[in-house]
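Number of protein chains: 2
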Amino acid sequence: MALDTAPAVKELRQILGAKVHTGVPARTARAHDRSHHVWSLPDAVVSCASTEDVSRALAVCFRHGVPVVPIGAGTGLEGGANSSTGNVCIDLSPMTEILHLGVQDLDATVQAGVMKSALNAAAAPHGLCFPAGPGVDASVGGMASTRASGTNAVAYGTMRGNVLGLTVVLADGTVVTTGGLARKSSAGYDLTALFVGSEGTLGIITEVSVRLYGIPETTATAVVPFPTLGAAVSSVSAAIAAGVPLSRIELLDDVMVGAMNSYSGLSLKEAPTLLVEFEGGPAAVSENVSRFEAIASSRGALSYEFAADPLRRDALWQARHDALPAAAALRPGASTWSTDVCVPISRLADCIEETQADIAASDVLAPIAGHVGDGNFHLAFVLDPAVPAVLEVAQAVNERLVRRAVAMGGTCTGEHGVGIGKTSALRLEHGEGVRVMETIKAALDPKNLMNPGKVL
Amino acid sequence: MALDTAPAVKELRQILGAKVHTGVPARTARAHDRSHHVWSLPDAVVSCASTEDVSRALAVCFRHGVPVVPIGAGTGLEGGANSSTGNVCIDLSPMTEILHLGVQDLDATVQAGVMKSALNAAAAPHGLCFPAGPGVDASVGGMASTRASGTNAVAYGTMRGNVLGLTVVLADGTVVTTGGLARKSSAGYDLTALFVGSEGTLGIITEVSVRLYGIPETTATAVVPFPTLGAAVSSVSAAIAAGVPLSRIELLDDVMVGAMNSYSGLSLKEAPTLLVEFEGGPAAVSENVSRFEAIASSRGALSYEFAADPLRRDALWQARHDALPAAAALRPGASTWSTDVCVPISRLADCIEETQADIAASDVLAPIAGHVGDGNFHLAFVLDPAVPAVLEVAQAVNERLVRRAVAMGGTCTGEHGVGIGKTSALRLEHGEGVRVMETIKAALDPKNLMNPGKVL
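Protein chains in written order, with our numbering: chain S, 1 to 456; chain U, 457 to 912.
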């Protein structure tokens, strides 16, 4: 029995005017993320341009008991931004202002809807960059909400470490600022870390302060195919233990290399392959390239392409970032579903190899790519429309994958978040901890209006 | 009107036997940290050897409504572990077991009472180290509880980034595990980060999983005096912006250099001085030393001593770690009080210079040392027993220092925590955020038994 949201929508319109949309096209455009999870149309979309807009909208919804679902760029992969009938969608994509760029302090404060690419474009003229985050362009607020990371988390950390402070609107419209621009603080509970990764279920992040970094003087990429996946993974853990600084370490299985060759016009050897990036001063890069090459060679690396040319480097990384469309292109009309577990490095080769065996036994196509420097990897399930049962098979493989990863001391999601796709996996992983999360949720959102049904 | 704790202590003794101490020497030994803040004797001390001991003790105290105050090594500086009449002290110092050492994964799980030195001694034979934390030896649980850091946070981060997971006992004795051994996770609320830095007010940390690091191949230290404090600080921010990797960057003012010369038998020039450490492969270290020297020279560095000899390096860093006793030795019979603010680097020189002017105007002796790579610095007030009003003067200078730092966008504590010394400073800094903290505290500790009066 859905709540009648008409009185709330009427009041929203009185306060926020043309920012409130109830037409089907507007509601459809902001109803869901990029996942295959269920969604339905929100009753209204509020296009917010400021923290104040969000605060006013939430105060109205709170009084009327109407649930709210925030959305940014809509690039999520677990349904965290998916709407349902009876909720109001809080659209943060109009919040595109860069509020502060701290050239000396290496920090920036942006509105939640600022895209990663826009922040980098603003930082680049100052020799600075914002490296954290996924290959796909995403909003900084969305990345903070899901605790996102990406290919270079091994060097720069995830959003957990890169967010210095937040502005958050709570369920009743109260605005809270957390953290600050100091590089570290022991002042009270870490509310910043609590809201980062809470996927809009405790409050809506409207402004984010992040760390920036100097653009490295020198960057070099190596492409290293191996006879086995185990040899590739053990090269990575040996390099990390030896303290060789690597800024990205991507693993591609042979199927993924083949998909990338076809899609991106490469001619890489179709073997388990590491794509490794080195950064720093020229002498440091050269030294670290040599150290890594020695480690890889001793583990049977089949070849060692060292790409210093920026065009070649960009082509390789663009191909890596296009891994999902490359996988989809393996079957006509197919889409993909990207899974996301993370295990301790010592279990990574086992976890991937057992998963490959499961994929083979299940007769599903699912090339693998992973950020192996931190034990995180993804299957790109190819959802072939010619195979009706493929989604069910993929769901079963994914459920076994999650159980395998958790049993190995890992996590059900390294960077995509829980959304609606991993709520039972969260319970499997955290047990009693989920009750603590529920206690916090009930305390901060007593009416359960903030992105209900997500995470918990 | 103090609660009669006798029935609770009697029940504790029934369950935990000889682990429960009520003699005055045992209660005195565990009643306070190293700060100058008030304390009184707890009614009993429970020497806990395991998470189960803590859980059983807390369940009893919860039923009887008796407050509990945890203590580890007792090296805190803001009274966070100080007891009061009517509370039971939970002594974690017997929890000294290293439960897991992950040589391949570069991680360790330890009981809360394990000292940083003990963890490093266990890790060293495997070529690993645990660099995070203060110069003074401290327990890993205590470091997690206060979100501690120290001289090398600029390279390795604080406890915020170095704790992978926790075992925590909640107010009613429930045991919760948070995080895990995966290097990153987007699985639900970041309970690990919530408990880190909560100083025992939400639960008692009994086990801690931390990151380890490879011991660097090469380490070198530079001692660089400058004509002005501003020149020293601007060299640091220029080096960071240029991406020169520095593993430690300590600033000492001229008064502190003088104190260290006297106490540690050094003969450094008494000028604002940077103590800088470089780590990595030999070529990288040599390159970075040159890059930093060029930056420092262009800002008028007075000299540049490069200490590659391990004995000289150790002597310099030991002198730095002995800064507090060195300051105390400036006046016969004096003790010290170490303050702790952190500001954005762009404001650091201003903040220190305004503070030096205040120190001079207030006629108090307070040499300065700071972890300038992250904008954190400390005054070491010399509490001279020959000057009766010195503590009041120091308190006034510290209050102005905190207001100055917060007004500059900084924090009232970079690494020491809030304890009982900074509760009003926390409100000054976080405003509405403190209400969110109070909501969380009330939800997780409804009887207000967990280290009451601390932080909030």
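Idealized CB from N, CA, C, for every residue including glycine.
Since the model is a prediction, treat every value here as computed from it, not as a measurement.
Looking at the structure shown, is residue i part of a helix, part of a strand, or coil, going by DSSP?
{"i": "M95 of chain S", "result": "coil"}
{"i": "G113 of chain S", "result": "coil"}
{"i": "I345 of chain S", "result": "helix"}
{"i": "Y669 of chain U", "result": "strand"}
{"i": "V38 of chain S", "result": "coil"}
{"i": "L584 of chain U", "result": "strand"}
{"i": "V88 of chain S", "result": "strand"}
{"i": "H433 of chain S", "result": "In the sequence as presented, His is not what sits at residue 433 of chain S; that position holds Gly. Three-state DSSP puts G433 of chain S in a helix."}
{"i": "E809 of chain U", "result": "helix"}
{"i": "L274 of chain S", "result": "strand"}
{"i": "R747 of chain U", "result": "helix"}
{"i": "P526 of chain U", "result": "strand"}
{"i": "E415 of chain S", "result": "coil"}
{"i": "F377 of chain S", "result": "strand"}
{"i": "L252 of chain S", "result": "strand"}
{"i": "D814 of chain U", "result": "helix"}
{"i": "V501 of chain U", "result": "strand"}
{"i": "D593 of chain U", "result": "coil"}
{"i": "A307 of chain S", "result": "strand"}
At a CB-CB cut-off below 7 angstroms, which residues of chain S make contact with residue i?
{"i": "S641 of chain U", "result": "C342, T411, T413, G414"}
{"i": "N832 of chain U", "result": "K184"}
{"i": "E743 of chain U", "result": "G281, A283, A284"}
{"i": "G873 of chain U", "result": "S186"}
Mind pulling the chain U residues with CB within less than 8 angstroms of residue i?
{"i": "R291 of chain S", "result": "G737"}
{"i": "I240 of chain S", "result": "L562, G670"}
{"i": "G102 of chain S", "result": "P800, S802"}
Could you tell me which chain U residues have their CB closer than 9 angstroms to the CB of residue i, listed as they occur along the chain?
{"i": "A153 of chain S", "result": "R639, K640"}
{"i": "G161 of chain S", "result": "G613, R616, G617"}
{"i": "P216 of chain S", "result": "G699"}
Name the chain U residues that come within less than 7 angstroms of residue i, Cβ to Cβ?
{"i": "M486 of chain S", "result": "Here chain S has residues from 1 to 456 only, and residue 486 of chain S is not among them."}
{"i": "R147 of chain S", "result": "S642"}
How about residue i and residue j: are their beta carbons less than 8 angstroms apart?
{"i": "G280 of chain S", "j": "P227 of chain S", "result": "no"}
{"i": "E726 of chain U", "j": "G873 of chain U", "result": "no"}
{"i": "M256 of chain S", "j": "V343 of chain S", "result": "no"}
{"i": "V619 of chain U", "j": "V436 of chain S", "result": "no"}
{"i": "S665 of chain U", "j": "G617 of chain U", "result": "no"}
{"i": "L58 of chain S", "j": "D137 of chain S", "result": "no"}
{"i": "A31 of chain S", "j": "L41 of chain S", "result": "yes"}
{"i": "G535 of chain U", "j": "S491 of chain U", "result": "yes"}
{"i": "H520 of chain U", "j": "A464 of chain U", "result": "yes"}
{"i": "E354 of chain S", "j": "R403 of chain S", "result": "no"}
{"i": "P590 of chain U", "j": "N608 of chain U", "result": "no"}
{"i": "D646 of chain U", "j": "V397 of chain S", "result": "no"}
{"i": "T51 of chain S", "j": "V169 of chain S", "result": "yes"}
Give the residues of chain S in contact with residue i, contact being defined as C-beta atoms less than 9 angstroms apart.
{"i": "L647 of chain U", "result": "L194, H430, G433, V436, M437, I440"}
{"i": "N538 of chain U", "result": "By Cβ distance, chain S contributes nothing, its closest Cβ being about 17 angstroms from N538 of chain U, past 9 angstroms."}
{"i": "A515 of chain U", "result": "None at all; the shortest Cβ gap to chain S is about 15 angstroms."}
{"i": "S693 of chain U", "result": "Q104, D105, L106"}
Give the interface partners of residue i over in chain S, defined as CB-CB distance under 8 angstroms, in chain order.
{"i": "G532 of chain U", "result": "What G532 of chain U touches in chain S: nothing, since even the nearest Cβ is about 11 angstroms away."}
{"i": "G653 of chain U", "result": "S186, G188, Y189, D190"}
{"i": "V911 of chain U", "result": "G188, Y189"}
{"i": "L882 of chain U", "result": "A187, G188"}
Does chain C have any CB closer than 8 angstroms to the CB of residue i?
{"i": "D4 of chain S", "result": "Of the protein chains in the structure, S and U, none is chain C."}
For this session: Count the CB pairs spanning the segment 642 to 656 of chain U and the segment 131 to 150 of chain S that are closer than 8 angstroms, and state whether there are at least three.
Result: yes
For this session: Output, in sequence order along the chain, the residues in the segment 620 to 644 of chain U whose CB is closer than 8 angstroms to any CB in chain S.
Result: If the cut-off is 8 angstroms between Cβ atoms, the segment 620 to 644 of chain U has L626, T630, V631, V632, T633, T634, G636, L637, A638, R639, K640, S641, S642, A643, G644 near chain S.
For this session: Would you check if there are 3 or more beta carbon pairs closer than 8 angstroms linking the segment 745 to 764 of chain U to the segment 790 to 799 of chain U?
Result: Because the criterion of three Cβ pairs below 8 angstroms is not met, the segment 745 to 764 of chain U and the segment 790 to 799 of chain U do not touch.
Exercise. On the three-pair Cβ rule with 8 angstroms, is the segment 669 to 680 of chain U touching the segment 710 to 720 of chain U?
Worked result: no
Exercise. Looking at C-beta atoms only, is the number of pairs between the segment 537 to 556 of chain U and the segment 500 to 520 of chain U that lie closer than 8 angstroms three or more?
Worked result: yes
Exercise. Of the residues that make up the segment 891 to 903 of chain U, which ones have a beta carbon closer than 9 angstroms to any beta carbon in chain S?
Worked result: R891, V892, M893, T895, I896, K897, A898, A899, L900
Exercise. Do the segment 370 to 387 of chain S and the segment 320 to 330 of chain S meet, that is, are 3 or more Cβ pairs less than 8 angstroms apart?
Worked result: yes
Exercise. Would you call the segment 866 to 881 of chain U and the segment 741 to 756 of chain U touching, i.e. three or more CB-CB distances under 8 angstroms?
Worked result: no
Exercise. Taking contact to mean at least 3 C-beta pairs separated by less than 8 angstroms, is the segment 893 to 911 of chain U in contact with the segment 517 to 532 of chain U?
Worked result: yes
Exercise. Three or more C-beta pairs closer than 8 angstroms, one from the segment 880 to 888 of chain U and one from the segment 818 to 827 of chain U: is that the case here?
Worked result: no
Exercise. With contact counted as at least three CB pairs below 8 angstroms, one residue from each stretch, are the segment 568 to 578 of chain U and the segment 550 to 559 of chain U in contact?
Worked result: With the cut-off at 8 angstroms, the segment 568 to 578 of chain U and the segment 550 to 559 of chain U touch.
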